[in-house]
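S.K.: Structure in structure tokens, see below.
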Amino acid sequence: MNKPLIVIYAAIVLDAVGIGLIFPILPALLTEVTHAGNVAPYIGIMTALYAAVQFVFAPVLGALSDRIGRRPVLLISLLGAAINYLLLAVAGSLWLLLIGRAIAGLTSANVSVATAYITDITEEDQRARRFGLMNAMFGIGFIVGPVLGGTLGDHWLRLPFIAAAVLNGINLMIALFILPESREPSHQRLDLAALNPLKPLAWVFQVKSLWPLIVIFFLLSATGEAYGTSWALWGRDAFGWSGMMIGLSLGAFGVCQTLAQAVLPGPAAKLLGERAAILTGLTGTCLALIAMAFATQGWIVFVLMPLFALGGIGVPTLQAMATREVSESQQGQFQGVLASALSLASIAAPLGFSSFYAVVRGTWPGAVWLSVVAVYAVAAVMVGRR
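The opening residue of the sequence shown carries number 21 in my numbering; numbering runs sequentially from there.
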């Protein structure tokens, strides 16, 4: 593997680490800063803010990298990430935390630039393998992030941010001296219409038959946001978990999901058929969530991980099925629509699930997982009817 690819993959890992490391410590950090008894709404706001800024700026950074080059945009993003984590390390007010989270969303939008960089330096017959490695790097970062954040946070709540700032600083210095430019910058004027993150959705209004499929993807993406929004709160409220235990449980969840998505979808689709494989995955996840809703001991969560792993076959199989809904010439446009729908779910779902958790927290924290089951049930009905 060449040096530029190593730098790019390291940046992707660090992006994912930055997303994951805050989850285990966010409830305690917000309690310290806001002095509120119920911080669930604040968690929803911070998570939605991160996703909203990422959604808006991903096409901006991508277009900017076309104009001035990939390298400057990536370097600025890495520098911004390091500054962001230093800001979070010293933030003593909710406003500073929100500003830091917005900067994190902005810098994490550099994934679109990293993808373009890999495309620039890779022959067509090698792109699938390298994009697969890119997804694997993101999965590794998201496994490491919660464990690192929870463990360091038990020693000092601000320590995970300092660690992330140091890691991003190291990656910035490596990129500064090793990462070459991958393409000649363009001097064409920016197409402002192309910077509209909602633009891909306009096409769907012309192809109404795709709406049910887009809604299914939206719902499944929304359920995924429940874990990042509610897991740490629920673990602390239901079992009195420390940051390390929250991080370990999230890390175990990430490992099971990553392995399942890498190994199970193909064989499951061949054995059961695509629709049955999707419904099997949704059923496994729902059974695990129902058990979590009634769990009284923390170890039960780890026992349920194989059921969660079974759920990992659903979305990849649905993605494979979805590619046959449009012609080959429309695949890029269709994938853009799906990306926009998933981004919108990442903004709306944290607000909804955190608000629901705030209501049930005092009586039955586990009820939040039943709300996730309800969303899965709607998606399962729509899959069954297609």
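Note that CB positions come from ideal geometry on N, CA and C, so glycine has one too.
Check whether the stretch 65-74 touches the stretch 104-112, counting contact only when three or more Cβ pairs, one atom from each stretch, lie closer than 8 angstroms.
M.R.: With a cut-off of 8 angstroms, the stretch 104-112 and the stretch 65-74 do not count as touching, because too few Cβ pairs lie within range.
S.K.: Which one of Y137, I45, N104, V133 has the shortest CA to CA distance from R121?
M.R.: Position 101 of the sequence shown holds residue 121. Minimum Cα distance to R121 is reached at N104.
S.K.: If contacts are defined as beta-carbon pairs under 8 angstroms, then L84 and V73 qualify, I think. What distance do you get, rounded to the angstrom?
M.R.: Taking the first residue of the sequence shown as position 1, residue 84 is located at position 64. Taking the first residue of the sequence shown as position 1, residue 73 is located at position 53. Incorrect: roughly 15 angstroms between the Cβ atoms, too far for contact.
S.K.: Between the stretch 164-183 and the stretch 269-276, are three or more C-beta pairs nearer than 8 angstroms?
M.R.: yes
S.K.: Per the contact definition of three or more C-beta pairs closer than 8 angstroms, is the stretch 231-245 in contact with the stretch 140-151?
M.R.: no
S.K.: Is R295 helix, strand or coil by DSSP?
M.R.: Taking the first residue of the sequence shown as 1, we reach residue 295 at position 275. Three-state result, R295: helix.
S.K.: Excluding sequence positions up to five away, which residues of its chain have a Cβ less than 6 angstroms from the Cβ of F237?
M.R.: Reading the sequence shown from its first residue, position 217 is the one you call residue 237. Contacts found: L358, A361.
S.K.: So, under 8 angstroms CB-CB, A13 and L324 are touching, yes? Tell me the CB distance rounded to an integer number of Å.
M.R.: Because the chain here runs from 21 to 406, residue 13 falls outside it and cannot be looked at.
S.K.: What's the call for I42, buried or exposed, on a 16-neighbour Cβ count within 10 Å?
M.R.: Residue numbering aside, residue 42 sits at position 22 when the sequence shown is read from its first letter. Its Cβ being crowded by 16 or more others within 10 Å, I42 is buried.
S.K.: Please state whether the Cβ-Cβ distance between P195 and L98 is less than 8 angstroms.
M.R.: Start at 1 with the first residue of the sequence shown, and residue 195 comes out as number 175. Start at 1 with the first residue of the sequence shown, and residue 98 comes out as number 78. Looking at the sequence provided, one finds Ala at residue 195 rather than Pro. Contact: yes.
S.K.: Straight-line CA distance for L114 to G331?
M.R.: Position 94 of the sequence shown holds residue 114. Position 311 of the sequence shown holds residue 331. Going by the C-alpha atoms only, they are around 36 angstroms apart.
S.K.: Going by C-alpha distance, which of R91, A56, L364 is nearest E204?
M.R.: Position 184 of the sequence shown holds residue 204. Nearest of R91, A56, L364 to E204, Cα basis: R91.
S.K.: Could you tell me whether the Cβ atoms of E345 and L233 are closer together than 8 angstroms?
M.R.: Within the sequence shown, numbered from 1, the residue matching residue 345 stands at position 325. Within the sequence shown, numbered from 1, the residue matching residue 233 stands at position 213. By the CB criterion at 8 angstroms, E345 and L233 fall inside the cutoff.
S.K.: Out of curiosity, what's the CA-to-CA distance linking Y62 and S375?
M.R.: Against the sequence shown, residue 62 aligns to sequence position 42. Against the sequence shown, residue 375 aligns to sequence position 355. When the Cα atoms are used, Y62 and S375 turn out to be separated by approximately 9 angstroms.
S.K.: Near P326, which residues of its chain fall below 6 angstroms by C-beta distance, leaving aside the five closest residues on each side in sequence?
M.R.: Along the sequence shown, one-based indexing puts residue 326 at 306. Answer for P326: no residue qualifies.
S.K.: Per DSSP, what kind of secondary structure is F55 in: helix, strand or coil?
M.R.: On the sequence shown, position 35 is the one that residue 55 refers to. Contrary to the premise, residue 55 reads as His rather than Phe in this sequence. Looking at H55 - three-state DSSP - the assignment turns out to be coil, as it is neither helix nor strand.
S.K.: Alpha carbon to alpha carbon, how far is L126 from F77?
M.R.: Residue mapping note: residue 126 aligns to position 106 of the sequence shown, counting from 1. Residue mapping note: residue 77 aligns to position 57 of the sequence shown, counting from 1. Near 6 angstroms, if we compare the C-alpha coordinates of F77 and L126.
S.K.: Does the beta-carbon of T249 have 16 or more other beta-carbons within 10 angstroms, so that it is buried, or is it exposed?
M.R.: Position 229 of the sequence shown, counted from the start, is the residue given in the question as residue 249. So T249 counts as buried.
S.K.: Rounded to a whole number of angstroms, what is the C-alpha to C-alpha distance between L48 and G260?
M.R.: Taking the sequence shown and counting its residues from 1, one reaches residue 48 at position 28. Taking the sequence shown and counting its residues from 1, one reaches residue 260 at position 240. Note that residue 48 corresponds to Ala in the displayed sequence, not to Leu. If you take the alpha carbons of A48 and G260, they lie about 12 angstroms apart.
S.K.: Enumerate in chain order the residues of its own chain whose CB-to-CB distance from C306 is below 6 angstroms, with the five nearest sequence positions on each side excluded.
M.R.: Your numbering for residue 306 matches position 286 in the sequence shown. These residues qualify, in order along the chain: V393, Y396.
S.K.: Under 6 angstroms Cβ to Cβ from I2, same chain only, skipping five residues before and after it: list those, please.
M.R.: Because residue 2 is not part of the residues shown, which for the chain are 21 to 406, the question remains open.
S.K.: Within the stretch 236-316, note down every full alpha helix (DSSP H) run reaching 4 residues or more, in order along the chain.
M.R.: 263-283, 285-292, 294-314
S.K.: Give the range of the alpha helix (DSSP H) segment to which T384 is assigned.
M.R.: Stepping through the sequence shown from its first residue, residue 384 is reached at position 364. It should be noted that the sequence gives Trp, not Thr, for residue 384. That residue, W384, is in no alpha helix (DSSP H); it is neither H nor E in DSSP.
S.K.: In whole angstroms, what is the alpha-carbon distance linking A282 and H175?
M.R.: Residue numbering aside, residue 282 sits at position 262 when the sequence shown is read from its first letter. Residue numbering aside, residue 175 sits at position 155 when the sequence shown is read from its first letter. Those two C-alpha atoms are separated by around 35 angstroms.
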